[in-house]
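To start, the structure itself, in structure tokens.
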């Protein structure tokens with residue numbers, strides 16, 4: 001039996017899970033490899049600020065994708081309306097505002113919208129609402145990515161990957177304060193486990209690293225996690241109805257704002273600051289473009305699709321494979337200091353285990369909390385998962 005025949009023989013659920021798991025695995029690999037690529041690019045002298053500016057600006061390519069999908073949706077609706085009119089059948093074409101939002105995010109969302117009663121259908125946010133949300137979120141997004149990239153020049157990819165997982169804790173804390181999410185003793189225990197793991201990893205970096213910047217790198221990762229939590233909470237605050245939000249439009253607007261608003265800053269630094277364009281040769285520039293398209297645009301799309309296919313909880317849990325993958329590649333290609341000491345290795349291992357236990361605990365306890373907000377767990381657009389380097 002050929003692969004095509006086997007695939008056609010699978011049920012819809014089996015196909016969804018196969019694709020979803022494949023997408024999650026691909027995203028995890030992209031994020032880890034991108035972290036190593038960022039380290040190498042920065043080692044050649046490229047400023048982390050400029051790297052982040054270029055990579056984040058590439059989100060602008062999503063704008064033509066969004067508007068093209070809207071155009072195709074209009075044509076499809078018009079064609080369906082003409083066919084139904086000629087055949088004399090009732091017009092069952094969905095409301096244009098809803099279908100455009102669904103079309104820009106994929107067929108699953110469109111199917112779900114079609115199944116909704118007409119009274120329950122809601123229109124997607126207006127362009128003005130999306131722009132206001134993007135204006136509030138863009139600075140937080142850039143700060144999260146900038147500090148994340150800067151940390152990679154000062155700490156190992158393994159420590160970076162583990163510590164970035166704490167963004168879920170900061171998001172939970174911000175959700176309790178801003179979005180009034182329910183706080184429980186069980187969640188507090190998971191938070192304390194993560195804090196203990198973070199402390200252990202930071203301690204290991206402090207006394208095992210030969211570079212004094214190791215601890216500062218860990219602190220930058222934690223600052224990135226705080227900024228990422230603020231970013232995800234801001235999205236939930238400004239765009240609470242995520243089912244009707246076109247993320248291609250939203251991230252495209254963030255890319256456009258990043259490109260336009262920070263251009264004067266880059267020019268100013270280029271004139272008055274030494275080294276901002278140091279290392280930006282042809283090879284590094286194309287590597288940066290490649291990293292931005294793969295690590296930002298492609299991985300975000302695959303992540304969103306995986307959440308639709310297998311659900312946010314499983315997708316989020318699956319991203320934990322970044323930790324062993326990062327540790328494996330770090331040990332093979334970078335030979336970090338914690339690998340040369342049994343004590344340091346044990347500290348990193350136990351710390352990683354504590355962080356992952358706390359991470360999974362927060363995810364699953366929030367999902368199964370009847371008073372919580374399950375929709376806020378797992379989607380990279382709205383929740384904390386280890387942020388991709390940008």
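Residue numbers (the UniProt record's numbering): 1 to 390. Backbone N, C-alpha and C fix where the C-beta goes; we use that ideal spot for every residue, glycine too.
Give the range of the alpha helix (DSSP H) segment to which residue i is assigned.
i: residue 44; result: Element bounds for residue 44: n/a, residue is neither H nor E.
i: residue 277; result: Looking at the DSSP string, residue 277 is not in any alpha helix (DSSP H), and its letter there is neither H nor E.
i: residue 247; result: 247-261
i: residue 284; result: 282-292
i: residue 164; result: 157-164
i: residue 323; result: 322-329
i: residue 147; result: 127-151
Going by C-alpha to C-alpha distance, which of the options sits closest to residue i?
i: residue 37; options: 137, 17, 149; result: 149
i: residue 350; options: 124, 201, 325, 136; result: 201
i: residue 342; options: 204, 309, 357; result: 204
i: residue 291; options: 126, 52, 266, 24; result: 52
i: residue 307; options: 261, 11, 22; result: 22
i: residue 197; options: 345, 223, 163; result: 163
i: residue 12; options: 28, 310, 227; result: 310
i: residue 257; options: 10, 77, 71, 140; result: 140
i: residue 286; options: 25, 55, 47; result: 55
i: residue 192; options: 75, 272, 358, 335; result: 358
i: residue 64; options: 161, 172, 158, 250; result: 250
i: residue 158; options: 271, 75, 361, 334; result: 334
Determine the burial state of residue i: buried for a count of at least 16 other Cβ atoms within 10 Å of its Cβ, exposed for fewer.
i: residue 154; result: buried
i: residue 20; result: buried
i: residue 142; result: buried
i: residue 156; result: buried
i: residue 170; result: buried
i: residue 184; result: exposed
i: residue 42; result: buried
i: residue 15; result: exposed
i: residue 248; result: buried
i: residue 125; result: buried
i: residue 431; result: Residue 431 lies beyond the stretch modelled for the chain, which goes from 1 to 390, so this question has no answer here.
i: residue 5; result: exposed
i: residue 79; result: exposed
i: residue 189; result: exposed
i: residue 3; result: exposed
i: residue 123; result: exposed
i: residue 27; result: buried
i: residue 186; result: exposed
i: residue 152; result: buried
i: residue 261; result: exposed
i: residue 98; result: At residue 98 the pLDDT is 32, less than 50, meaning the model places this residue with poor confidence; the figure from the coordinates comes in the next sentence. Burial call: buried.
i: residue 127; result: exposed
i: residue 176; result: exposed
i: residue 336; result: buried
Report the CB separation of residue i from residue j in whole angstroms; it is logged as a contact under 8 Å.
i: residue 59; j: residue 297; result: 7 Å
i: residue 66; j: residue 246; result: 6 Å
i: residue 31; j: residue 322; result: 6 Å
i: residue 147; j: residue 220; result: 5 Å
i: residue 178; j: residue 233; result: 6 Å
i: residue 276; j: residue 133; result: Their Cβ separation, rounded to whole angstroms, is 30 Å, which puts residue 276 and residue 133 out of contact at 8 Å.
i: residue 44; j: residue 279; result: 5 Å
i: residue 33; j: residue 255; result: At roughly 22 Å, the Cβ-Cβ gap does not stay under 8 Å, so residue 33 and residue 255 are not in contact.
i: residue 174; j: residue 138; result: Their Cβ separation, rounded to whole angstroms, is 18 Å, which puts residue 174 and residue 138 out of contact at 8 Å.
i: residue 167; j: residue 225; result: 4 Å
i: residue 345; j: residue 353; result: Contact doesn't hold; Cβ gap of about 13 Å is too wide.
i: residue 136; j: residue 238; result: 6 Å
So for residue i, helix, strand or coil by DSSP?
i: residue 10; result: coil
i: residue 305; result: helix
i: residue 5; result: helix
i: residue 18; result: helix
i: residue 182; result: coil
i: residue 154; result: coil
i: residue 69; result: helix
i: residue 224; result: helix
i: residue 123; result: coil
i: residue 239; result: coil
i: residue 90; result: Here the model assigns residue 90 a pLDDT of 47, short of 50, so the residue's position is not dependable, and the following value carries that caveat. In the structure shown, residue 90 sits in coil (DSSP, three-state: anything other than H, G, I, E or B).
i: residue 64; result: helix
i: residue 336; result: coil
i: residue 341; result: coil
i: residue 106; result: Reliability fails at residue 106, whose pLDDT of 40 lies under 50, so the model's placement of it is uncertain and the value that follows must be treated cautiously. Here residue 106 sits in coil by DSSP.
How about residue i: is its C-beta nearer than 7 Å to some C-beta of chain C?
i: residue 303; result: Included in the structure is just one protein chain, with no chain C present.
Between residue i and the ligand SAM, is there a pair consisting of the residue's CB and a ligand heavy atom that are separated by less than 6 Å?
i: residue 136; result: Judged by which ligands are present, the structure shown has none, so any question about the ligand SAM falls away.
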